[in-house]
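Peer 1:
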Amino acid sequence: MRRFRSGIACVALTGISLLGLNSCREEAPSVNTLKDAYEGKFTIGAALNEPQILNMDTASIRVVKEHFNSITAENCMKSGPIQPTEGNFNFELADKFVEFGVANNMQIIGHTLVWHSQAPRWFFTDEEGNDVSAEVLKERMKNHIYTVVGRYKGKIHGWDVVNEAILDDGSYRNSKYYQILGEEFIALAFQYAHEADPDCELYYNDYSMANPGKREGVVRMIKMLKDKGLRIDAVGMQAHVALDEPKIEEFEASIKAFSEAGVKVMITEMDLTVLEMPDFRVGAEISANFEYQQKLNPYSEGLPDSVALAFEERYLDFFKLFLKYDDAVTRVTLWGVTDNQSWKNNWPVRGRTDYPLLFDRNYQPKPVVEKIINEALNTK
Numbered sequence: 001m002r003r004f005r006s007g008i009a010c011v012a013l014t015g016i017s018l019l020g021l022n023s024c025r026e027e028a029p030s031v032n033t034l035k036d037a038y039e040g041k042f043t044i045g046a047a048l049n050e051p052q053i054l055n056m057d058t059a060s061i062r063v064v065k066e067h068f069n070s071i072t073a074e075n076c077m078k079s080g081p082i083q084p085t086e087g088n089f090n091f092e093l094a095d096k097f098v099e100f101g102v103a104n105n106m107q108i109i110g111h112t113l114v115w116h117s118q119a120p121r122w123f124f125t126d127e128e129g130n131d132v133s134a135e136v137l138k139e140r141m142k143n144h145i146y147t148v149v150g151r152y153k154g155k156i157h158g159w160d161v162v163n164e165a166i167l168d169d170g171s172y173r174n175s176k177y178y179q180i181l182g183e184e185f186i187a188l189a190f191q192y193a194h195e196a197d198p199d200c201e202l203y204y205n206d207y208s209m210a211n212p213g214k215r216e217g218v219v220r221m222i223k224m225l226k227d228k229g230l231r232i233d234a235v236g237m238q239a240h241v242a243l244d245e246p247k248i249e250e251f252e253a254s255i256k257a258f259s260e261a262g263v264k265v266m267i268t269e270m271d272l273t274v275l276e277m278p279d280f281r282v283g284a285e286i287s288a289n290f291e292y293q294q295k296l297n298p299y300s301e302g303l304p305d306s307v308a309l310a311f312e313e314r315y316l317d318f319f320k321l322f323l324k325y326d327d328a329v330t331r332v333t334l335w336g337v338t339d340n341q342s343w344k345n346n347w348p349v350r351g352r353t354d355y356p357l358l359f360d361r362n363y364q365p366k367p368v369v370e371k372i373i374n375e376a377l378n379t380k
């Protein structure tokens with residue numbers, strides 16, 4: 001809630017009398033939401049799922065409207081859901097997502113145009129099941145990107161154009177896109193997206209971005225795109241982090257490297273797991289899956305105080321880092337709204353109870369939220 005800033009405004013509010021008021025003095029605005037605290041520094045975003053987009057989860061929507069000023073499509077804009085068969089686009093959920101963002105004056109982020117995972121199988125094969133030619137794949141990419149980006153031209157602030165195309169050692173992922181087109185598929189994706197909406201921001205998005213090998217590979221990719229005269233506005237650093245991984249110094253090194261390469265940095269898909277990772281080498285590889293074991297789910301009844309404290313300190317450390325680089329960081333997006341909805345409850349082990357987000361299972365802000373707000377207010 002914002003209060004009047006001057007005594008004149010306060011007098012006007014009373015009409016013709018000040019009777020009954022002890023005083024009417026200037027007061028500073030009360031800031032108690034994330035988006036207000038970080039205004040002028042970077043936007044604060046959340047990924048929306050289907051129940052939220054359809055306004056079925058009204059409790060989550062209240063949190064989104066109060067604390068966030070940016071939204072990302074969690075699943076409904078990925079190529080599999082949006083074009084399940086060739087030429088047949090399903091825009092129903094994506095349209096509602098964009099309508100929600102427009103109606104609430106939010107920065108809208110499209111996610112994602114080109115990704116090896118959750119792509120429809122038909123995209124890479126002919127009627128006999130063989131890989132299509134390079135020319136056919138180019139045409140399919142162009143049609144998909146032109147259709148999706150063009151539909152929301154002027155409404156989407158930015159697109160995750162290519163997602164997770166580089167491995168931890170800096171080499172290209174051997175996806176179907178890469179097998180058929182080589183590294184050219186990345187340049188083509190950015191070219192087609194820019195042609196479809198010349199005013200839209202364009203991003204590359206990936207996980208494990210604190211890894212030195214991946215960092216170097218992404219910097220090479222940025223240079224490749226810029227050398228071709230193509231637009232790339234920012235790199236999205238997925239922040240699927242744990243209590244002790246990655247090292248915050250390595251995360252900082254990547255922010256600096258990407259900024260020095262001539263792009264802005266966006267912190268995307270942020271969540272902080274308190275649970276043990278069976279294998280940290282999987283990063284955020286969605287295909288990874290490990291068998292449930294009770295020892296891997298130790299906090300089903302709640303967090304011990306020591307773990308809750310470590311969780312707070314870790315989140316604060318990251319937000320202090322983002323504030324340190326607020327000239328480079330333009331957005332921080334949480335990958336979900338409340339703990340009970342997070343994908344981390346079922347990845348990489350199904351059926352666990354995790355606590356990775358800033359709002360609890362009762363839709364209430366955790367104590368760390370106030371500390372994150374105060375950190376922004378105390379940073380000039």
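Numbering (full-length UniProt numbering) for the sequence shown: 1 to 380. From the three backbone atoms N, C-alpha and C, an ideal C-beta is built for every residue, glycine too. Model, not experiment: these values are computed from the prediction.
#1: Measuring alpha carbon to alpha carbon, tell me which of 266, 375, 291 and 184 ends up nearest residue 158.
#2: Straight-line CA distance for residue 372 to residue 323?
#3: For a test of the three-state rule: what should DSSP assign to residue 20, helix, strand or coil?
#4: Output the residue ranges of the beta strand (DSSP E) runs that lie fully inside the region 137-215 and measure 3 residues or longer, sorted by chain position.
#5: Report the option in 162, 298 and 256 whose CA atom is closest to the CA atom of residue 328.
#6: DSSP three-state label for residue 52, please.
#7: Per DSSP, residue 73 is paired with what?
#8: Could you check whether the region 195-204 touches the region 159-173, counting it as contact only if at least three pairs of C-beta atoms, one from each stretch, sit closer than 8 Å?
#9: Is the beta carbon of residue 100 sitting closer than 8 Å to the one on residue 53?
#10: What are the partner residues of residue 266, as DSSP defines its beta bridges?
#11: Do the region 294-305 and the region 337-353 meet, that is, are 3 or more Cβ pairs less than 8 Å apart?
#12: Flag this pair as yes or no: are the beta carbons of residue 338 and residue 314 separated by less than 8 Å?
#13: Work out the CA separation of residue 273 and residue 71 for me, nearest whole Å.
#14: Among the candidates 108, 115 and 95, whose CA atom is the shortest distance from the CA of residue 80?
#15: Classify residue 179 as buried or exposed, calling it buried when 16 or more other Cβ atoms lie within 10 Å of its own Cβ.
#16: Hey, would you say residue 85 sits closer than 8 Å to residue 69, going by beta carbons?
#17: Rounded to the nearest angstrom, what separates residue 87 and residue 175 at their Cα positions?
#18: Quick test of the definition: if touching needs 3 or more C-beta pairs under 8 Å, does the region 224-231 touch the region 241-260?
#19: Quick one, which of 206, 137, 190 and 194 has its alpha-carbon nearest residue 173's?
#20: Kindly indicate which three-state DSSP category residue 413 falls into: helix, strand or coil?
#21: Among 223, 140, 108 and 220, which has the Cα closest to the Cα of residue 123?
#22: Taking the alpha helix (DSSP H) that residue 58 belongs to, which residues open and close that run?
#23: Excluding the 5 residues flanking residue 317 on each side, which residues of the same chain have their C-beta closer than 8 Å to its C-beta?
#24: Whole angstroms is fine: what's the gap from residue 113's alpha carbon to residue 253's?
#25: Would you mind reading off the limits of the alpha helix (DSSP H) that contains residue 307?
#26: Quick check on the burial criterion: 16 or more other C-beta atoms within 10 angstroms. Buried or exposed for residue 21?
#27: With which residues is residue 88 paired in a DSSP beta bridge?
#28: If you draw a straight line from the alpha carbon of residue 325 to that of residue 334, how long is it in whole angstroms?
#29: Within a Cβ cutoff of 6 Å, which residues of the same chain sit near residue 378, ignoring the five residues on either side of it in sequence?
#30: My output table needs one value for residue 122: the three-state DSSP class, helix, strand or coil.
#31: Among residues of its own chain, excluding the 5 on either side of residue 368, which ones have a beta-carbon nearer than 8 Å to its beta-carbon?
#32: So, at 8 Å on beta carbons, what are the nonlocal neighbours of residue 76 in its own chain, with the 5 sequence-adjacent residues on each side left out?
#33: Put residue 131 into one of helix, strand or coil per three-state DSSP.
#34: The beta strand (DSSP E) that contains residue 113, what's its start and end?
#35: For residue 26, which of helix, strand or coil comes out of DSSP?
#36: For residue 197, which residues from the same chain have a beta carbon less than 6 Å from its beta carbon, with the 5 sequence-adjacent residues on both sides left out?
Peer 2: According to the structure shown:
#1: 266
#2: 10 Å
#3: With a pLDDT of 39 at residue 20, under the threshold of 50, the predicted position of this residue should be treated as unreliable, though the coordinate-derived value follows. If DSSP states are grouped into helix, strand and coil, residue 20 belongs with coil.
#4: 158-163 and 201-206
#5: 256
#6: helix
#7: 48
#8: yes
#9: yes
#10: 236 and 331
#11: Contact between the region 294-305 and the region 337-353 is established, with three or more Cβ pairs separated by less than 8 Å.
#12: no
#13: Distance between the alpha carbons of residue 71 and residue 273 is about 21 Å.
#14: 115
#15: Exposed, by the Cβ-count rule.
#16: no
#17: 22 Å
#18: no
#19: Nearest in C-alpha terms to residue 173, of all of 206, 137, 190 and 194, is 206.
#20: Here the chain has residues from 1 to 380 only, and residue 413 is not among them.
#21: For the residues 223, 140, 108 and 220, the minimum Cα distance to residue 123 belongs to 140.
#22: 58-67
#23: The answer, listed in chain order, is 248.
#24: 28 Å
#25: 305-324
#26: Low per-residue confidence applies at residue 21: pLDDT is 38, beneath 50, and the placement is therefore not dependable enough to give any value.
#27: 85.
#28: 18 Å
#29: none
#30: Per DSSP, reduced to three states, the secondary structure at residue 122 is helical.
#31: 311, 312, 315, 316 and 358
#32: 50, 53, 82, 93, 94 and 97
#33: strand
#34: 107-115
#35: Confidence at residue 26 is low in this model, with a pLDDT of 43, below 50, so the placement of that residue should be treated as unreliable; the coordinate-derived value is given next. Of the three classes helix, strand and coil, the one that applies to residue 26 here is coil, per DSSP.
#36: 149 and 153
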